[in-house]
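Notes follow the structure.
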Amino acid sequence: MGHSSCWDWSWKFDTGSHPPSPLSLARGDPSPHVMASSDVARQLKNCRSLFLSGHVGFDSLPDQLVNKSIHQGFCFNILSIGETGIGKSTLIDTLFNTSFDDHVSTHFQPNVRLKAQTYELQESNVRLKLTIVNTVGFGDQINKDDSYQPIVDYIDAQFEAYLQEELKIKRSLYNYHDTRIHVCLYFISPTGHSLKTLDLLTMKNLDSKVNIIPVIAKADTISKSELQKFKIKIMSELVSNGVQIYQFPTDDESIAKINATMNGHLPFAVVGSTEELKIGNKVVKARQYPWGIVQVENENHCDFVKLREMLICTNMEDLREQTHMRHYELYRRCKLEEMGFRDTGPENKPVR
C-alpha cells in the first residue's frame, strides 16, 4: 500500500488566500484566517449579492475538495490510556476490524512509557494513516503521582514538532506527518464504585491538551444496574473536579440530534473481542462465558457500537479540527508568549 500524506488541516477550508509566513506567525500578525469580529462585520456589510446570468462552475468546489482529500489521504492519531491488561489493544483491534499485533505488556514496568505505532489502512478508496499510542506501564508503579507526566510530555512534544515545522522559512506541511494526538480514549476500570485519584489527576492534566473520551472497560464484568450507577457517579465526579471531556458537537444540524443523545450516554461502557462466534445464522464478534455470550455489536449488551459510530463514523473530522483549532492553538499561543511575542502594541499594531 502506498504512502499516505496527511492534510495540512490549518488551511484546508481556505479558498482564496495563502498561509501566513513563519515570521508573521511568530509576530502574531493578523492573517485572513484570524480576523476581528468588527472587521468581519464590516466586510459583510459592504458585501453585495449578485445574480449570475449563467453557469460559472465554482459549484464544483466541494467536489474538488473531496477529490483532493481522497488523493492526499487522511491521518488520525489515538492515545490509549489505561492500566495494563484492561483491554486497550483488544478494543482498538475491534474498532478497526483488524489485528495490530501489539505485544502484551507485563505489570512490572518501572516507569510509564509511550509506544507509538503507525499503520496504513484503506477502506473503499479512502486511505487512513492511523497512529496508535499506547501507555505502557500506566498505573503499575507503587507511587502513581507522576504517572501522567510522561503523557503530558509526549503530547507537548508532538505540538512542539508541529510548531517548529510551521515556523520554518521553507515549510513542508503538505507532506508533514502530523503526530498530534486527536483523541484520548481513557479506559476506566470496572472495579470499584468511583474514579481513582490517578484517573482524575491524569484527565485533569490532559483536558486542555487533548480530546478525552472516557470509556468503562470490560463492561461485561458488572451488572446493568451497577453499570448505570457507575456512569452517573463518573460523570458527577468529572464535573465536580472540573475535568473537561470531549462533547460531541451539536452545532451541525445533520448530526446535532444523534450527538446530543450520545453525549447523554457517556462514558461508554465497552467490550472488545476479535473472536467470532456463530449465533443462529449470523457470525458475530463476541465473548463467551460459562453463563452466556456477550455480543460486542449488540447495543443491548454494551456501548461498543455507540463508541465506533461517534469516534469514527460521525466525529473523526471534528476531533481533528478541535485538536488544531483549540488544543494546538492554546499550546502555540503560550509558547509564543513565553518567547515574548504579543499580538498588539500601544498603537494597536503587531509587535514583538
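So the sequence shown is numbered by the UniProt record's numbering: it starts at 1 and just counts up by one. Backbone N, C-alpha and C fix where the C-beta goes; we use that ideal spot for every residue, glycine too. Predicted model, so just to flag it, every value in this text is computed and none were measured.
{"Item": "Other residues of its chain near E299: CB distance less than 8 Å, five sequence neighbours each side excluded", "Value": "V305, K306"}
{"Item": "Neighbourhood of R287 by C-beta, 8 Å cutoff - its chain only, sequence neighbours within 5 removed", "Value": "D220, V271, S273, E275, I293, V294, V296"}
{"Item": "Proximity below 8 Å, CB of H324 to CB of K209", "Value": "no"}
{"Item": "Outcome for L195 when other beta-carbon atoms lying within 10 angstroms are tallied against a minimum of 16", "Value": "buried"}
{"Item": "Rounded C-alpha distance that separates P214 from S89", "Value": "16 Å"}
{"Item": "3-residue-minimum beta strand (DSSP E) runs that sit fully inside the region 118-156, ordered along the chain", "Value": "126-136"}
{"Item": "Proximity below 8 Å, CB of Y148 to CB of L91", "Value": "no"}
{"Item": "Rounded C-alpha distance that separates T250 from L185", "Value": "21 Å"}
{"Item": "Every unbroken alpha helix (DSSP H) inside the region 191-270 [4 residues or more]", "Value": "197-206, 224-240, 253-263"}
{"Item": "Assumed close pair N241, K285 - CB separation to whole angstroms, cut-off 8 Å", "Value": "No, N241 and K285 are not in contact; Cβ-Cβ is about 35 Å, not under 8 Å."}
{"Item": "Where the beta strand (DSSP E) containing Q72 begins and where it ends", "Value": "Per DSSP, Q72 belongs to no beta strand (DSSP E); it is in the alpha helix (DSSP H), 61-72."}
{"Item": "Buried versus exposed call for S24 [16 or more other C-beta atoms within 10 Å across all chains shown]", "Value": "Its pLDDT being 45, under 50, S24 is placed unreliably by the model, and the measurement read from it follows with that caveat. Result: exposed."}
{"Item": "Nearest neighbour of C302, chosen from E83, F268, M310 [CA to CA]", "Value": "F268"}
{"Item": "Cut-off 6 Å between Cβ atoms - residues of its own chain near D156, not counting five sequence neighbours on either side", "Value": "none"}
{"Item": "Secondary structure of C75, DSSP reduced to three states", "Value": "strand"}
{"Item": "Pairwise C-alpha distance: E166 and R332", "Value": "10 Å"}
{"Item": "For residue 431, the nearest candidate out of Y119, D153, T94 (CA to CA)", "Value": "Beyond the ends of the chain as shown, which are 1 and 352, falls residue 431; an answer cannot be given."}
{"Item": "Reduced DSSP category for R333 - H, G, I as helix; E, B as strand; rest coil", "Value": "helix"}
{"Item": "Given 8 Å, three or more beta-carbon pairs between the region 63-71 and the region 161-178", "Value": "no"}
{"Item": "Buried or exposed by the 16-neighbour rule on C-beta atoms within 10 Å, applied to L238", "Value": "buried"}
{"Item": "D318 versus H182, G264, H265, residue with shortest Cα-Cα distance", "Value": "H182"}
{"Item": "Nearest neighbour of I132, chosen from L65, G139, V126, L121 [CA to CA]", "Value": "L121"}
{"Item": "Extent of the continuous alpha helix (DSSP H) to which F100 belongs", "Value": "No alpha helix (DSSP H) holds F100; DSSP gives it neither H nor E."}
{"Item": "Residue burial classification, C334 (beta-carbon count within 10 angstroms, cutoff 16)", "Value": "exposed"}
{"Item": "Whole-number beta carbon distance between I255 and T179, since they are thought to touch under 8 Å", "Value": "So it is not a contact: roughly 27 Å between Cβ atoms."}
{"Item": "Where the beta strand (DSSP E) containing F187 begins and where it ends", "Value": "183-188"}
{"Item": "Beta-carbon separation (whole angstroms), G137 vs Q109, contact threshold 8 Å", "Value": "3 Å"}
{"Item": "Integer Cβ distance of M235 from L266, believed to fall under 8 Å", "Value": "7 Å"}
{"Item": "L173 - containing alpha helix (DSSP H), residue span", "Value": "Here L173 belongs to no alpha helix (DSSP H), and DSSP marks it neither H nor E."}
{"Item": "For T191, the nearest candidate out of Q247, I216, Q244 (CA to CA)", "Value": "I216"}
{"Item": "Presumed contact (8 Å Cβ cut-off) between I212 and Y246, rounded CB distance", "Value": "6 Å"}
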